[in-house]
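Q:
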Amino acid sequence: MSDRGADFRPRVLVTKIGLDGHDRGSRIVAAACRDAGMEVIYTPPWQSIPAVVKLALEEDVDVVGISSLATDHLIVPKLMAALRDAGLGDVRVVVGGIVPDDEERSLLASGVREVFHPGSTMDEITTRIRDYAREARRARADAENET
Amino acid sequence: MNKPVEPRLLADSEPARARWQREYREGVAAERAIANVSGIPIAPLYTAADRRPGGDDALGYPGQPDYTRGIYATMHRGRTWTQRQLIGLGTPADYNERLRSILARGATAVSLIPCNSVYRGYDMDSVELELLGTCGVVVNDAEHMDRCLEGVDLAEVSCAMNDPSPFTLLAFMLVAAERRGIDWKAISGTSNQSDYLSHYVANHMFYRLALPGARRVLMDHIGWCRQHVPRWNPMSVVGQHMQQAGATPAEAMAFTLSSAVQNAEDCIARGMDPDEFLPRFTFFFDISLSFFEEVAKFRAGRRIWARLARERLGASDEKSWRFKFHAQTSGVDLTRQQPLNNIARVTAQAMAGIFGGLQSLHTDAYDEAYATPGEVGARIAVATQNILREEAHLTDVIDPLGGSYYVESLTDAMEEKILAIMKTVDDAGGMYKAVESGLVQRTIGASAMRFQERVESGEQVIVGVNKYRSDDDAEHRPPVDRPDREQMQRHRDEFVAAKARRSPSAVAKALDALTRAAESDDGNVFGAVVDGARAGLSNEEICARLRRDLGFGQPLVVV
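Residue numbers (my numbering), protein chains in the order written: chain W, 1 to 147; chain D, 1001 to 1559.
(1) Start and end of the beta strand (DSSP E) containing Arg1336(D)?
(2) Using 8 Å as the Cβ pair cut-off and three pairs as the minimum, do the stretch 1156-1174 of chain D and the stretch 1512-1532 of chain D touch?
(3) Rounded to a whole number of angstroms, what is the C-alpha to C-alpha distance between Trp46(W) and Pro1400(D)?
(4) Just checking my contact of Arg1052(D) with Ala1058(D) at CB under 8 Å: how many whole Å lie between their CB atoms?
(5) Mind checking which residues open and close the beta strand (DSSP E) that includes Tyr42(W)?
(6) Note the first and the last residue of the continuous alpha helix (DSSP H) segment covering Asp1412(D).
(7) Taking 9 Å as the CB-CB cut-off, is Glu72(W) touching chain D?
(8) Looking at Phe1298(D) and Ala1254(D), is the spacing between their C-beta atoms short of 9 Å?
(9) Can you tell me whether Thr999(D) is helix, strand or coil according to DSSP?
(10) For Glu1486(D), count neighbouring C-beta atoms within 10 Å of its own C-beta (all shown protein chains included) and say buried if the count is 16 or more, exposed if not.
(11) For the stretch 15-39 of chain W, list every residue whose C-beta sits within 7 Å of some C-beta in chain D, in sequence order.
(12) Would you call the stretch 71-87 of chain W and the stretch 98-113 of chain W touching, i.e. three or more CB-CB distances under 8 Å?
(13) Does the CB of Glu1128(D) have a neighbour CB from chain W at under 9 Å?
(14) According to DSSP, simplified to helix, strand and coil, what is Val1137(D)?
(15) Does Asn1341(D) get closer than 9 Å to chain W when you measure Cβ to Cβ?
(16) Report yes or no: do three or more beta-carbon pairs, one from the stretch 1320-1337 of chain D and one from the stretch 1291-1306 of chain D, lie closer than 8 Å?
(17) Quick check on Asp1471(D): buried or exposed, where buried means 16 or more other Cβ atoms within 10 Å of its Cβ?
(18) Can you tell me where the alpha helix (DSSP H) with Thr1282(D) in it begins and where it stops?
(19) How about Val1139(D) and Asn1539(D): do their beta carbons lie closer than 9 Å?
(20) Between Arg1547(D) and chain W, is any beta-carbon pair separated by less than 9 Å?
(21) Could you name the residues of chain W that Ser1117(D) contacts, counting a contact when the two beta carbons are closer than 8 Å?
(22) Enumerated in chain order, which unbroken segments of the alpha helix (DSSP H) with a length of 4 residues or greater are wholly contained in the stretch 1161-1230 of chain D?
(23) When you check each C-beta in the stretch 90-114 of chain W against every C-beta of chain D, which residues fall closer than 8 Å?
(24) Whole angstroms is fine: what's the gap from Arg1548(D)'s alpha carbon to Ala1428(D)'s?
(25) Quick one: complete alpha helix (DSSP H) runs, 4+ long, within the stretch 1233-1276 of chain D?
(26) If Thr1329(D) sits next to Thr1363(D), beta carbons under 8 Å apart, how far is it from one beta carbon to the other, in whole angstroms?
(27) Have a look at Gly1063(D) and Met1145(D) and give me their C-alpha separation to the nearest angstrom.
(28) From Ala1029(D) to Ala1369(D), what does the alpha carbon distance come to, in whole angstroms?
(29) Mind checking which residues open and close the beta strand (DSSP E) that includes Gly96(W)?
(30) Given Thr127(W), which residues of its chain have a CB within under 6 Å of its CB, disregarding the five upstream and five downstream residues?
(31) On a CA-only basis, which of Ala1296(D), Leu1334(D), Ser1288(D) and Leu1218(D) is nearest Phe1277(D)? Give me that one, please.
(32) Between the stretch 1121-1136 of chain D and the stretch 1478-1493 of chain D, can you find at least three pairs of beta-carbon atoms closer than 8 Å?
(33) Please confirm if Met122(W) has its CB atom under 9 Å from at least one CB of chain D.
(34) Evaluate Asn145(W) with the Cβ neighbour count: other Cβ atoms within 10 Å of its Cβ, from every protein chain shown; 16 or more gives buried, anything less gives exposed.
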């Protein structure tokens, strides 16, 4: 698959892990990604970490977007480890929602690519997700060339 | 009688109006059409010509139908609103400490927000430690509830609990009260989050049972409370979730009133008398920053409800017609950027609710768009209410905006809009069916999208977000206070040990009693939940059993 030009269609999984069900944000972001020409896989809230890993694998996604409004981002480092264990270390993960500054730093340290805060525009979010999807495709292509 | 006013420089009204129109047009170079969030066009000026026929006489008096000016004759000048701050965090001991501090600072009622794991129907040994107690207190059984409310006189203080179907938290509290020798007849408060319809639509966090089971358990709950805890409000009809999820103020009010009608008609179908249960119906709303729109929303909702209760539901007691509501300032309006600005936002939202005639108020903490509120944020939120009530003199006059040309005209327009939305629900077969089919969810989703577009186009200004931005606001974001994980681990270990000490046969017997109630047509499921709580059943045990017996259905997600 090409990562350039108008035919580049990032594959994005928009989901929520943990306990919270507030889905206004994830629904709006999913719709914005779809309108920006991406393939969007959307799930209802409350996914388990293994379920997200399985879906990312089966759907061959470039980017996983996790929406966290009520502290569910605290288990995102566990998701990062689970993705790596499943051989999906090249999938880019972004988080959006209510994330305090110091917890943002630990998310970034665990490998999360970016944290989007309230007030981010849909244009900003979709542009960045597209960039990360390109990164993911290149990383995968490089890995395949090495083997 | 007032003395006539001194002669003033007043011109004849018609030429004066024509002159104002001319000068206004010249003064505003490019007139732009303004509409409020509900889509009602807003004129630059309102005059007596905009009042509905009958003028002031048609407004009536507070405490009398149709209650446009308030549901009590005295309103806030008599008894001010209940100051009810939502609190909940950490272990029961953490919660109890915060509760006592807030009561000492002027809060007059208790609220209890449980951990999201509790909402989802899990005990703490089924959930990652990282997520425990971060958004609410971890209460899994009657013992935990007793510790939460230590030192609180349950016969004196009104307790509101975020307690979705099957209402395990109320069951735990009643068992705790019983052990203290307190008569249930003395206990007052509200089952917040009893409105399964709004959960299914907009707040999936509280969702536990499939629609038919949730409907049945609510009816059992209302009937049981009427008999055993007569001062308890078992039904809180919720517009707050729907507005936070994106419904416009008019949609939120309309869908809430339609839910209330649905629930009341379900009660009537079960053979209950509307004058028995309607006086214990309460409402819970969001207050956004659209100031006058919110004032008008509450005034319009109040008079629609009075008519519905009397004419459609057939209630004859005035107590059944009164639209009692709690309101919470809107968290969606708060910003992470320049967080101290949120204190100003909450103040304006709270004023709209007060002028709208609320009975109970929660003001958000300024750090809510950033984290679970800390101690400082919670204190300022309480102080905001104290200042509005006691320094700003907002309680001196009943319905102080009543008679304003704008507010009265807008109240009429909101009423018309709300009734039109309610008609779409009735046409779909009522609220239960409109929710089952996704009509309500689609309407709210579309409004959420429209609001986002208004913000992104700059039509809706948000200070610090799409205008007046700055980069130096991080210092105003306070450090986050997460529960101590070691203490939480101890709380979990103690709970697991306590569960293991119970007699397995007693647990099995209590669970079977739940199943029997769920499977029989005339058994009362909520009564069985209270018995189960007394027998030491945990939240997860009760919820899991009822999910098995009554069905578990995930809410419909519409993108």
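Built from N, CA and C at the ideal position, the CB exists for glycine as well.
Since the structure is predicted, the reported quantities are computational estimates derived from the model, not experimental observations.
A: Inspection of the coordinates gives the following:
(1) Along the second sequence, one-based indexing puts residue 1336(D) at 336. Per DSSP, Arg1336(D) belongs to no beta strand (DSSP E) and is neither H nor E.
(2) yes
(3) Sequence index remark: in the first sequence, residue 46(W) carries index 46 (1-based). Sequence index remark: in the second sequence, residue 1400(D) carries index 400 (1-based). Computed Cα separation, rounded: 46 Å.
(4) As a first step, residue 1052(D) is located in the second sequence; it is residue number 52 there, counting from the start. As a first step, residue 1058(D) is located in the second sequence; it is residue number 58 there, counting from the start. Sure, about 6 Å apart at Cβ, within 8 Å.
(5) Walking along the first sequence from the start, residue 42(W) turns up at place 42. Counting along the chain, the beta strand (DSSP E) containing Tyr42(W) begins and ends at Glu39 to Tyr42.
(6) Your numbering for residue 1412(D) matches position 412 in the second sequence. Its alpha helix (DSSP H) spans residues Tyr1405 to Asp1427.
(7) On the first sequence, position 72 is the one that residue 72(W) refers to. In the sequence on display, residue 72(W) carries Asp and not Glu. Cβ-Cβ to chain D under 9 Å: yes for Asp72(W).
(8) Stepping through the second sequence from its first residue, residue 1254(D) is reached at position 254. Stepping through the second sequence from its first residue, residue 1298(D) is reached at position 298. Against a cut-off of 9 Å, the Cβ pair of Phe1298(D) and Ala1254(D) comes out as no contact.
(9) Residue coverage of chain D in this structure runs from 1001 to 1559, which leaves residue 999(D) outside it and unanswerable.
(10) Residue numbering aside, residue 1486(D) sits at position 486 when the second sequence is read from its first letter. By the neighbour-count criterion, in which 16 or more other beta carbons inside 10 Å mark a residue as buried, Glu1486(D) falls on the exposed side.
(11) Gly18, Leu19, Asp20, Gly21, His22, Asp23, Arg24, Arg27, Ile28, Ala30 and Ala31
(12) yes
(13) Here residue 1128(D) corresponds to residue number 128 of the second sequence, with the count starting at 1. At least one chain W Cβ lies under 9 Å of Glu1128(D).
(14) Translated into the one-based positions of the second sequence, residue 1137(D) becomes position 137. The answer is strand: DSSP assigns Val1137(D) an E or B state.
(15) Taking the first residue of the second sequence as position 1, residue 1341(D) is located at position 341. Taking CB atoms only, Asn1341(D) has no neighbour in chain W less than 9 Å away.
(16) In short, these stretches touch, since the Cβ pair count reaches three.
(17) Locating residue 1471(D) in the second sequence gives position 471, counting from the first residue. Answer is exposed; the Cβ neighbour count stays below 16.
(18) Residue 1282(D) sits at position 282 when you count from the first residue of the second sequence. Taken as a continuous stretch (DSSP letters only), Thr1282(D) belongs to no alpha helix (DSSP H), being part of the beta strand (DSSP E) at Phe1281 to Ile1287.
(19) Looking up residue 1139(D) in the second sequence gives position 139. Looking up residue 1539(D) in the second sequence gives position 539. Result yes, Cβ atoms of Val1139(D) and Asn1539(D) sit closer than 9 Å.
(20) Taking the first residue of the second sequence as position 1, residue 1547(D) is located at position 547. Chain W contact via Cβ: absent.
(21) Within the second sequence, the letter at position 117 stands for residue 1117(D). Against Ser1117(D), the close residues of chain W are Leu19, in the order they occur along the chain (beta-carbon pairs closer than 8 Å).
(22) 1168-1179, 1196-1202 and 1211-1228
(23) Ile98, Pro100, Asp101, Asp102 and Glu103
(24) Within the second sequence, residue 1548(D) is the residue found at index 548, counting from 1. Within the second sequence, residue 1428(D) is the residue found at index 428, counting from 1. Distance between the alpha carbons of Arg1548(D) and Ala1428(D) is about 30 Å.
(25) Annotation: the stretch 1233-1276 of chain D contains the following complete segments of the alpha helix (DSSP H) (minimum length 4 residues), in chain order: 1240-1244 and 1249-1269.
(26) Walking along the second sequence from the start, residue 1329(D) turns up at place 329. Walking along the second sequence from the start, residue 1363(D) turns up at place 363. That belief holds up - the Cβ atoms of Thr1329(D) and Thr1363(D) are roughly 5 Å apart, short of 8 Å.
(27) Counted from its first residue, the second sequence places residue 1063(D) at position 63. Counted from its first residue, the second sequence places residue 1145(D) at position 145. The alpha-carbon atoms of Gly1063(D) and Met1145(D) are separated by roughly 37 Å.
(28) Taking the second sequence and counting its residues from 1, one reaches residue 1029(D) at position 29. Taking the second sequence and counting its residues from 1, one reaches residue 1369(D) at position 369. Roughly 38 Å between the two C-alpha positions.
(29) To locate residue 96(W), count along the first sequence from 1; it is residue 96. It spans Arg92 to Gly97 - the beta strand (DSSP E) in which Gly96(W) sits, taken as one unbroken run.
(30) Within the first sequence, residue 127(W) is the residue found at index 127, counting from 1. No residues qualify anywhere along the chain.
(31) Translated into the one-based positions of the second sequence, residue 1277(D) becomes position 277. Minimum Cα distance to Phe1277(D) is reached at Leu1218(D).
(32) Segments in contact, yes.
(33) Taking the first residue of the first sequence as position 1, residue 122(W) is located at position 122. True, the Cβ-Cβ gap to chain D drops below 9 Å.
(34) The residue labelled residue 145(W) in the question sits at position 145 within the first sequence. Under this definition Asn145(W) is an exposed residue.
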